[in-house]
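Here the structure is laid out as structure tokens; the discussion comes afterwards.
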Amino acid sequence: MDFAPKPSVEEFRTSIRRFVADHLTPEMVERAHRTGTFHDWEFHRALAATGIIAEGMAGDGREGGRDPLELYVLFDEMGLAGAPFYGLANAMLVAGVIEQIGSDFHISEVLPRFHSGEAIAALGYSEPGSGSDVAAAATRAERIPGHPGDEPVWLVNGQKMFTTLVHEAGYVILLTRTDPDLPKHRGLTMFLLPMDLPGIEFQAVDTMGGDRTNITYFTDVRVPDRWRLGEVDGGWNVMKVALAYERGVFGNMNQGVTLLRRFAEWARTAERSDGTRLIDDPGVRRRLARIAVDNEITALLAVRPALLASQGRLPTTEGSVAKLFASEAYNRAAEACQEMAGAVGLLSPTHGAGEDWGFVDLAARDAPVTTIYGGTSEIQRNNIAEHRLGLPRAR
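Residues are numbered in our numbering as their position in the sequence shown, beginning at 1, plus a constant of 10.
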């Protein structure tokens, strides 16, 4: 496989780096870490003004759509710069789903709000009783009887966990159960709910990794049928499109790169008790080299789904392979850095760690979460075993 970058992709990378240098401020980054909300409206709208979101998701077949490799580069550069881009990722994911599955109403009324940067979306998949098994969703959507000729209305009741950015979002894409008598994958229907509908409430949840997420409650929410995405009881087909975006193009987060860079910079000035620098210890350099190797492997695995998509081929388990390795490599890196840093590696922002927000401690708290969101490591292993290696189902 030829990994040499296309000239157009490298030009795009240069333009993204220039945009970040011109628009991302230290105040934006500090505010994201302080609040746990990794979205900044000023930064987001400036990026939308460049046409990035409007140019579409990979694989939508529209002329002028972004090359999947360019989308990989976009999120790679955002991650390396520490930009608050979660809102961008959600907006592009939901915009991609609408472009493939949405009705004329969604395309004319909702899509322009995403393209312009006016609105973002939250993802309403996980529930308290089902966790990563999103197909076990119990949030109910029941059709309300009405007069003949009236638009159907659905009554939604339930709750969703891990609805990150729902407190900033204009919409939530919501997986509901419309027929409890059908097998769990077949009785689901997807909706795109405006957040201003009566009956939607949310509660903040601060994670150990420093992010703010939310629990969102839906109590007798009346949803006109025009907000339905896809067919009734066909929500799992919509879900598969959304997951393909999330685990494919967006599955390229390489947090170990930033951690290694910051730790190496600190180790060059950190003095040991004998007066030597931490970086002069051969054992430290060996462990940093191991992290660097893992980061390179992560980068190669992460670019593969985008490379296949750019060639018109359909990525299958490549996203699972990349996500599994990346999250576990990040955990190894965070553990190694905390061990090498000693007591300093236990400092958190509340302990006076200063401008760096106690970055080693933050990584140690953030890394375990990456093995859960976007599909747990166990789910990724099962997916690889069943769909790539042809092994029998685990259960």
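Virtual Cβ for every residue (Gly too), placed ideally from N, Cα, C.
For GLN169, the uninterrupted beta strand (DSSP E) run begins and ends at 163–170, by DSSP. Shown here for ASP290: not one same chain residue has a beta carbon closer than 7 Å to its own, the five before and five after excluded. Between ARG238 and PHE201, the beta carbon gap of about 5 Å places them in contact (Cβ cut-off 8 Å). Within the same chain, Cβ atoms closer than 6 Å to the Cβ of THR47 are found at ARG222, the five residues on either side in sequence being excluded. In the DSSP assignment, ARG187 forms a beta bridge with ARG150 and LEU198.
For a cut-off of 8 Å, the C-beta gap from VAL176 to VAL233 is around 16 Å, too long to register as a contact. Contact annotation: the region 120–136 does not touch the region 295–312, with fewer than three C-beta pairs closer than 8 Å.
A direct Cα-Cα distance of roughly 10 Å separates VAL242 from ALA151. Residue environment: PRO94 is assigned as buried (16 or more neighbouring CB atoms within 10 Å of its CB, all protein chains considered).
Per DSSP, the continuous beta strand (DSSP E) segment holding GLU211 begins and ends at 210–216. Between THR229 and GLY209 the beta-carbon gap is near 5 Å, inside 8 Å, which marks them as a contact.
Beta-bridge partners of ILE289 (DSSP): none assigned. For VAL104, the enclosing alpha helix (DSSP H) stretches over residues 96–111.
The three-state reading of DSSP puts TYR82 in helix, counting H, G and I together. In the DSSP assignment, HIS49 forms a beta bridge with PHE95. Residue state for ALA179 is assigned as coil, using DSSP reduced to three classes. Counting the other Cβ atoms within 10 Å of the Cβ of SER118 gives fewer than 16, which makes it exposed. Counted as a single uninterrupted DSSP element, the stretch harbouring TYR340 is not any beta strand (DSSP E) but the alpha helix (DSSP H) occupying residues 328–351. Looking at the DSSP output, ASN393 bridges to nothing. Counting along the chain, GLY156 sits inside no beta strand (DSSP E), nor does DSSP assign it H or E at all. Taking the Cβ atoms as the reference, THR149 lies roughly 3 Å from GLY168, within the contact range of under 8 Å.
Remark: C-beta atoms of ILE382 and SER330 do not approach each other more closely than 8 Å. Within the region 240–279, not a single complete beta strand (DSSP E) segment reaches 3 residues in length. When beta bridges are read from the DSSP output, ASN224 appears opposite ALA214.
At the C-beta level, VAL166 and VAL248 stay beyond 8 Å of one another. Taking a contact to require three or more Cβ pairs closer than 8 Å, the region 368–386 and the region 336–349 qualify as touching. One Cα belongs to TYR255, the other to ARG55, and the distance between them is close to 22 Å. Looking at the backbone, the Cα of GLY368 and that of ARG287 are separated by about 20 Å. Secondary structure note for ALA132: its beta strand (DSSP E) is the uninterrupted segment 131–134. Under the three-state reduction of DSSP output, ARG55 falls in the helix class. Bridge pairing for PRO204: TYR181 [DSSP]. By the C-beta density criterion, PHE172 is buried, having at least 16 other C-beta atoms within 10 angstroms. For GLU137, there is no enclosing alpha helix (DSSP H), as DSSP marks it with neither H nor E. For the pair GLY352 and ASP371, the CB atoms are not nearer than the 8 Å cut-off.
Partner residues in the beta bridge of GLU281, as assigned by DSSP, are ARG287.
When only Cα atoms are considered, TYR96 and ALA131 end up about 10 Å apart.
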